[in-house]
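Everything on this sheet refers to the single structure shown next.
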Amino acid sequence: MSENTSNPIDLLINNPQPYAPESIDDALFSAAMKQADTWHLNRNVNYAKLWETEANPLIPINLFKTMDLATNTQLDGIWLNSSGTGQHGKTRVFFDNLSLKRIETAMVQIFLHNHLISTTPSRFLMLSPDPATGEHAGYATAFLKFTQCASIQELVFTVSEQGQFDSELAWSTLKRWANDPAPIYILGLTLFFEFLCLKRPEPFTLKSPIKGLTGGGWKGMTKQLERPEIIQGLQHVLQAPSVDIRDIYGMTEHPLHYISCPEGHFHLPAYSRFSIMAEDGSHAPENKNGLIVLESPLFASIPSHRLLTQDLGCWGNNCACGQPLPFLRYLGRASTPEGTCAAQVK
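Residue numbers (full-length UniProt numbering): 1 to 346.
So, in structure tokens, the structure goes:
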């Protein structure tokens with residue numbers, strides 16, 4: 001599955017308009033998924049055994065915690081961990097360099113089309129630990145990677161190695177930046193955004209626009225405030241030219257992270273597909289809840305291109321944001337809160 005211009009996976013990720021309805025090429029996506037199947041079948045004995053039981057296997061996310069499903073790519077790369085706080089422990093995922101390049105290509109387009117890339121050197125307030133300080137869950141590395149959306153003028157981590165959030169440091173940093181026009185990004189777990197809101201000071205003025213990205217979901221993680229209360233509370237305090245806080249949806253076992261629209265919905269780009277599985281295993285109709293299924297062929301090192309998550313969601317059309325693509329609404333974990341990144345918070 002080497003990178004070349006005729007490989008359907010590379011053709012898929014080189015789409016410069018991934019949210020345009022006319023760019024959604026189902027035939028190309030099917031060819032890319034078939035290419036991923038062939039790659040993993042030829043290199044992964046355990047995946048081949050799953051295929052023998054059922055072709056095009058939909059793999060539950062917990063199976064990656066209990067079974068060795070890694071595909072040997074014979075390429076260099078990095079290892080990342082999932083949150084690992086549930087009963088099945090961590091998933092340790094190898095991101096080979098080919099997969100990383102494809103993921104980064106797609107993520108640049110996702111960030112670009114969601115107006116999250118800045119050409120101006122920016123300041124980053126990280127509501128997450130510094131990955132260099134210890135073995136943290138994949139979310140810490142993911143948030144650090146998101147800083148690639150702008151050159152870094154200053155980077156401040158506000159979560160300790162032990163997972164303790166320092167709200168005083170966060171607010172003092174924002175006040176220190178208030179008179180500088182450099183853009184400000186606030187990135188981190190939803191629960192830390194709630195802590196930030198609960199410890200908010202009196203409103204103060206900032207010269208720079210603020211963009212926020214929260215990850216980990218809202219339901220089952222926050223303890224006192226719902227999403228609208230958190231957003232409204234922070235917008236009230238941060239008297240900036242604009243305060244745009246979006247959600248991120250993703251997981252270590254899936255190659256991409258998705259950015260919510262202003263309505264809080266997720267419109268998946270051409271690089272992926274989603275569906276909702278009803279209790280009987282069928283595709284749930286519009287506005288009916290079920291388990292989220294994600295498909296994307298970008299991983300060379302793990303056969304998670306058809307992934308059954310533990311997340312509840314539903315889907316719909318005609319989003320109020322104006323995006324014509326169907327949308328995914330994240331509703332929360334089907335498992336207990338102990339299976340989330342928030343369980344690591346002290």
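Ideal Cβ positions, reconstructed from N, Cα and C, are used throughout, including at glycine.
Next on the checklist: Classify Cys321: buried if its beta carbon has 16 or more other beta carbons within 10 angstroms, exposed otherwise.
Outcome noted: exposed
Item to check | Alpha-carbon to alpha-carbon, Ile292 and Thr252 | outcome: 15 Å
Checklist entry - For the candidate residues Glu154, Pro8, Glu286 and Ala106, whose alpha-carbon lies nearest to that of Gln17? => result Ala106
Checklist entry - Taking the Cβ atom as the reference point for each residue, do Tyr271 and Leu234 lie within a distance shorter than 8 Å? => result no
Checklist entry - CA-CA distance, Ala20 and Thr147? => result 26 Å
Item to check | Coil, strand or helix - His283 by DSSP | outcome: strand
Item to check | CA-to-CA distance, Phe192 to residue 356, given in whole angstroms | outcome: Since the first and last residues shown for the chain are 1 and 346, residue 356 lies out of range.
Item to check | Nearest-angstrom Cα separation, counted from Leu12 out to Asp26 | outcome: 10 Å
Checklist entry - Should Gly313 go down as buried or exposed, given a rule of 16 or more other Cβ atoms within 10 Å for buried? => result buried
Next on the checklist: Using the three-state DSSP reduction, which class does Trp177 fall into: helix, strand or coil?
Outcome noted: coil
Item to check | Coil, strand or helix - Cys321 by DSSP | outcome: coil
Checklist entry - Taking the beta strand (DSSP E) that Leu75 falls in, what are its first and last residues? => result Premise fails: Leu75 is in no beta strand (DSSP E) and is neither H nor E.
Checklist entry - Is Lys49 closer than 8 Å to Thr91 when the C-beta atoms are compared? => result no
Next on the checklist: Can you give me the C-alpha to C-alpha distance between Leu328 and Arg273, rounded to a whole angstrom?
Outcome noted: 10 Å
Item to check | First and last residue of the uninterrupted alpha helix (DSSP H) at Ser99 | outcome: Asn97 to His113
Checklist entry - Mapping DSSP to helix, strand and coil, what is Leu206? => result coil
Checklist entry - Taking the DSSP output, what are the residues bridged to Cys314? => result Arg329
Item to check | DSSP three-state assignment for Met251, whether helix, strand or coil | outcome: coil
Checklist entry - Which value, in whole angstroms, describes the spacing of the CA atoms of Thr120 and Lys288? => result 43 Å
Next on the checklist: Quick check on the DSSP output: the alpha helix (DSSP H) that includes Arg227 runs from which residue to which?
Outcome noted: Arg227 to Val237
Checklist entry - When the Cα atoms are used, what is the spatial distance from Glu202 to Ser296? => result 45 Å
Checklist entry - What is the DSSP secondary structure of Lys211, counted as helix, strand or coil? => result strand
Item to check | Nearest candidate by alpha-carbon position, reference Gly188, set Ala170, Lys175 and Pro181 | outcome: Ala170
Next on the checklist: Can you find the residues in the same chain that come closer than 7 Å, C-beta to C-beta, to Val243, ignoring five residues on each side of it along the sequence?
Outcome noted: Ile210, Leu234 and Gln235
Item to check | Inter-residue spacing [alpha-carbon to alpha-carbon] between residue 379 and Asn317 | outcome: Look at the range of the chain in this structure, 1 to 346, and you will see that residue 379 is not part of it.
Checklist entry - At a cut-off of 7 Å, is Glu253 close to the ligand COA when judged by its beta-carbon and the heavy atoms of the ligand? => result You won't find the ligand COA in this model; it holds no ligand whatsoever.
Item to check | First and last residue of the uninterrupted alpha helix (DSSP H) at Glu295 | outcome: Here Glu295 belongs to no alpha helix (DSSP H); instead the beta strand (DSSP E) covers Gly290 to Glu295.
Next on the checklist: Within the continuous alpha helix (DSSP H) that includes Phe193, where are the two ends?
Outcome noted: Thr190 to Leu198
Next on the checklist: Can you list, in chain order, the residues of its chain with a C-beta nearer than 7 Å to that of residue 348? Leave out the 5 residues immediately preceding and following it.
Outcome noted: Examination of residue 348 is not possible in this model, given that the chain is present from 1 through 346 alone.
Checklist entry - Span of the beta strand (DSSP E) holding Gly148? => result Reading off the sequence, residue 148 comes out as Gln, not Gly. Note, Gln148: premise wrong, no beta strand (DSSP E); not H, not E.
Checklist entry - What whole-angstrom Cβ distance do Leu206 and Gln239 have, given they're in contact under 8 Å? => result 7 Å
Checklist entry - For Pro8, which residues does DSSP report across the bridge? => result None; Pro8 has no bridge partner.
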